[in-house]
Each structure stands twice: as structure tokens, then as C-alpha cells.
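Numbering (my numbering), first residue to last: 1491 to 1738. Here a beta-carbon is modelled for each residue, glycine too, at the ideal position from N, C-alpha and C.
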């Protein structure tokens, strides 16, 4: 599968964790080159958070990495408070420096979100280029966990890599990505590193993941943006009309 850059890592392997820690300081540099649809991809994820821009919403960023997506959310929603979780201390240290001017708005936690309980309760849960590290069972379990920490009417938005629906389509995704990143002048070093990271990827098809969201209880599940193997998709937690939040 194409070695698109991961926003955060949830793998528990020490070697993988160490490789991400080592790359954290320079991690954002190649992002625009390695995500050819960068502006639309991340922009759609932020625009899909369905609250007024002055709302004091609580947001959880899964596999937050260096805080790239959280930074965009924070700029779009200046009253939001944001929790960032990631397995990599090195990544989160970059995020901590990124948000040093407003430390009270950001809660950064080193944790494996597949194995530990998600902290808090949120109007929005977001993630970028992280969930594709999980196998099918782990994704399904994660979607259940996300549903449980969302407020009624809350939204989950995942900007991630998806697997082509057939091997032939997946091959076209890979060819398109390689063509696009080379046209954007990506260095061979960055490309080799990205292709190396891809070996641990476990992407699922978009249709599979939409079905798992619906199984978890999400409503209005939809794909909001897609360009080859990059997709933004998500859904809403249903509103319980009887006073008690659904999922409790």
C-alpha cells in the first residue's frame, strides 16, 4: 500500500515507535509533498466539524502526532479545547512546542488509544492518517470506543488512507500517488522513508469502514472527500430524545 505519511502512530512495536520519535522534529516538512491533496484533505476534515466557530467545543485528536490537525482545528475554533493522544512522546513533544503559547487549551497524553480508555467526553473526535495502522477488528473496536465518548449529536471525522475496493484499483491508487509526489519534488529520502512506513499499514476499504461506523451506532455516515487512497469520512452520534445520552 502507498506509504503515505502517518499523522500519528498507534503500533506498539518499539522499533516503529523509535522511528517515529526520530522523525518527529522534521515530520511536518514533507507533509504537503507526501499528501498531494493536502489542502482539501485536511480542510474538509476541519470544515466537517458542525459547530459554530465561536463554540467552546471539546475535541479529541486520535494519533495526533505533531499536532498538525489539532492546530488547524484550534485556528478554526478559537474557543475549542483539544486533547491530543499519541503513542510517540517525540511527536507529542513537537506538538507541545507548537502549542506553547496557549497551553491551557491543549491536553497532550502519551497513550495507545487502541488499548487504553479514551479520556473525557467530546463534541468532536477527529483523526488524520492514523487509524489505517489498525486491523479490521481494532478499527471496529475503536469506532465503538469513539461512539461512547461522544456527546449526543457529536461527530467523528477521520481523514485517512483507504484501501482500493479491488487489487486493480489499489494498484491505480499507488501509481497515482507515486506520480503525484514525484511531480511535487519529494526527495528520494522522504519517499523511501514513506515507503518503509507503509509496511505496517493495514488499510481497509471505505465501504468496510462506513459499515463498521453504522454497526457502532453512528448515523448519517458518509464520505465527505476522496482522492484516490485519501478519504475523509465519518458520522454522528444519534441524539437520544429521552434525556439520557445514547451509549451510556
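Starting from residue 1716, trace the beta strand (DSSP E) both ways and give me its first and last residue.
-> Along the chain shown, read from residue 1 onward, the residue named residue 1716 stands at position 226. Start and end: 1708-1717.
How many Å lie between residue 1687 and residue 1696 at the Cα?
-> Within the chain shown, the letter at position 197 stands for residue 1687. Within the chain shown, the letter at position 206 stands for residue 1696. Their backbone Cα atoms lie some 21 Å apart in a straight line.
Beta-carbon proximity check, residue 1522 vs residue 1612, cutoff 7 Å = Your numbering for residue 1522 matches position 32 in the chain shown. Your numbering for residue 1612 matches position 122 in the chain shown. Inclusion of residue 1522 and residue 1612 in the CB contact set at 7 Å is not warranted, their separation being larger than that value.
Compare the C-alpha of residue 1721 against each of 1582, 1682, 1651, 1557 and name the closest.
-> Indexing the chain shown from 1 puts residue 1721 at position 231. Ranking 1582, 1682, 1651, 1557 by Cα distance to residue 1721 puts 1651 first.
The beta strand (DSSP E) with residue 1535 in it runs from where to where?
-> Along the chain shown, one-based indexing puts residue 1535 at 45. Residue range 1528-1537 is occupied by the alpha helix (DSSP H) that includes residue 1535, with no beta strand (DSSP E) assigned at that position.
C-beta atoms of residue 1574 and residue 1585 nearer than 7 Å | As a working mapping, residue 1574 is identified with position 84 in the chain shown. As a working mapping, residue 1585 is identified with position 95 in the chain shown. The Cβ atoms of residue 1574 and residue 1585 sit closer than 7 Å to each other.
Own chain partners of residue 1568 with C-beta closer than 8 Å, once the 5 adjacent residues on each side are dropped = The sequence position of residue 1568 within the chain shown is 78, counting from 1. 1543, 1544, listed in sequence order.
In three-state terms, what does DSSP make of residue 1754?
-> The first residue shown for the chain is 1491 and the last is 1738, placing residue 1754 beyond what the model contains.
Specify the secondary structure class of residue 1696 as computed by DSSP and reduced to three states.
-> For the purposes of this step, residue 1696 is taken as residue 206 along the chain shown, with counting starting at 1. Note: residue 1696 maps to helix in three-state DSSP.
In whole angstroms, what separates the C-alpha of residue 1668 from that of residue 1676?
-> As a working note, residue 1668 is residue 178 in the chain shown. As a working note, residue 1676 is residue 186 in the chain shown. Computed Cα separation, rounded: 10 Å.
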